[in-house]
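Going by the numbering used here, the first residue of the sequence shown is number 6, and it counts up by one from there.
For each residue, glycine too, the CB sits at the ideal point set by N, CA and C.
As structure tokens, the structure follows; a few thoughts come after it.
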Amino acid sequence: MIEGNPQPLVIAARILKPETLAAVRGLADYSLRAWRILDRWALNSPDELHRLEADGEIVLLGRLLEQQRIEQRAIDRQPVGMPEQEALTIAKVQTELDGGPSITTVLAGKTMRREALTRAVKQASPAELEMAAKHIREVLQKPAGAGGRQRLRLVPRND
Numbered sequence: 006m007i008e009g010n011p012q013p014l015v016i017a018a019r020i021l022k023p024e025t026l027a028a029v030r031g032l033a034d035y036s037l038r039a040w041r042i043l044d045r046w047a048l049n050s051p052d053e054l055h056r057l058e059a060d061g062e063i064v065l066l067g068r069l070l071e072q073q074r075i076e077q078r079a080i081d082r083q084p085v086g087m088p089e090q091e092a093l094t095i096a097k098v099q100t101e102l103d104g105g106p107s108i109t110t111v112l113a114g115k116t117m118r119r120e121a122l123t124r125a126v127k128q129a130s131p132a133e134l135e136m137a138a139k140h141i142r143e144v145l146q147k148p149a150g151a152g153g154r155q156r157l158r159l160v161p162r163n164d
């Protein structure tokens with residue numbers, strides 16, 4: 006927990022590169038809430054924040070923008086005067102970096118699986134490939150009586 010009233014981004018400055026902090030400060034999309042989120046992440050999950058930054062500034066900024074949006078929506082939906090942390094808890098908002106796999110790890114796993122699939126296809130006989138293709142067509146075939154595609158009408162959300 007951040008105690009006292011430190012200047013925004015002072016805690017994050019201990020973890021993040023100056024260029025990253027300059028980007029956050031310089032973009033109008035990031036409010037004081039985003040700055041507090043970065044400080045919280047830097048205090049509670051410094052290793053995860055450092056890894057997120059290592060995945061790329063764009064990845065970090067995107068994650069921060071999404072977190073800012075989620076938290077602001079949760080706070081806006083609660084009664085006026087409710088403490089922010091209580092509003093986030095009631096809305097079950099994940100406020101900390103989860104330490105899950107980085108984007109680099111996810112992409113490496115996808116590449117490995119794609120290569121394994123390519124090898125399997127190259128090693129398969131034509132009869133095996135035809136049988137697999139037939140099975141895929143059956144699975145993807147629409148059930149009898151299913152109509153055409155439904156059109157969805159997109160309506161702007163008022164969040």
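Legend entry - Whole runs of the alpha helix (DSSP H) within the segment 60-118, excluding any shorter than 4 residues: 62-81, 89-95
Inset, instruction - Figure out for me which residue from PRO88, LEU102, ASP103 has the closest Cα to the Cα of ALA96. - result: Taking the sequence shown and counting its residues from 1, the one referred to as residue 96 is at position 91. The option with the nearest alpha carbon to ALA96 is PRO88.
Legend entry - Identity of the residue in ASP81, LEU43, ARG74 nearest LEU244 by Cα: Here the chain has residues from 6 to 164 only, and residue 244 is not among them.
Legend entry - Spatially closest choice to ALA47 from ILE16, MET117, VAL126, by CA coordinates: The sequence position of residue 47 within the sequence shown is 42, counting from 1. Minimum Cα distance to ALA47 is reached at ILE16.
Inset, instruction - Evaluate the contact criterion for the segment 47-58 versus the segment 72-91: three or more CB pairs, one atom per stretch, below 8 Å. - result: no
Legend entry - Status (buried if at least 16 other CB within 10 Å, exposed otherwise) for VAL144: Counted from its first residue, the sequence shown places residue 144 at position 139. Counting Cβ neighbours within 10 Å, VAL144 comes out exposed, since fewer than 16 surround it.
Inset, instruction - Helix, strand or coil for ASN10, going by three-state DSSP, please let me know. - result: The residue labelled residue 10 in the question sits at position 5 within the sequence shown. Note: ASN10 maps to coil in three-state DSSP.
Inset, instruction - Would you mind working out which of ALA18, GLU71, ASP81 sits nearest HIS55, comparing C-alpha positions? - result: Indexing the sequence shown from 1 puts residue 55 at position 50. Ranking ALA18, GLU71, ASP81 by Cα distance to HIS55 puts ALA18 first.
Legend entry - Local Cβ density within 10 Å of ALA137, reported as buried at 16 or more and exposed below that: Against the sequence shown, residue 137 aligns to sequence position 132. Classification of ALA137: exposed, given that the 10 Å Cβ count is below 16.
Inset, instruction - Taking ARG38 and GLN12 to be in contact with their CB atoms under 8 Å, please state how far apart those CB atoms are, rounded to whole angstroms. - result: Position 33 of the sequence shown, counting from 1, holds the residue named residue 38. Position 7 of the sequence shown, counting from 1, holds the residue named residue 12. 15 Å between Cβ atoms; not a contact.
Legend entry - First through last residue of the alpha helix (DSSP H) which encompasses ARG19: Numbered from its first residue, the sequence shown carries residue 19 at position 14. Run containing ARG19: none; DSSP gives neither H nor E here.
Legend entry - Extent of the continuous alpha helix (DSSP H) run through ASP44: Residue numbering aside, residue 44 sits at position 39 when the sequence shown is read from its first letter. 37-49 is the span of the alpha helix (DSSP H), which, as asked, contains ASP44.
Legend entry - Alpha-carbon to alpha-carbon, ARG30 and GLU58: The residue given as residue 58 occupies position 53 in the sequence shown. The residue given as residue 30 occupies position 25 in the sequence shown. Approximately 16 Å between the Cα atoms of the pair.
Legend entry - Residue interval of the alpha helix (DSSP H) (run including ALA129): Here residue 129 corresponds to residue number 124 of the sequence shown, with the count starting at 1. No alpha helix (DSSP H) holds ALA129; DSSP gives it neither H nor E.
Inset, instruction - Pull up the distance between the alpha-carbon of ILE63 and that of PRO23, whole angstroms please. - result: Translated into positions along the sequence shown, residue 63 becomes position 58. Translated into positions along the sequence shown, residue 23 becomes position 18. Their Cα atoms are separated by approximately 15 Å.
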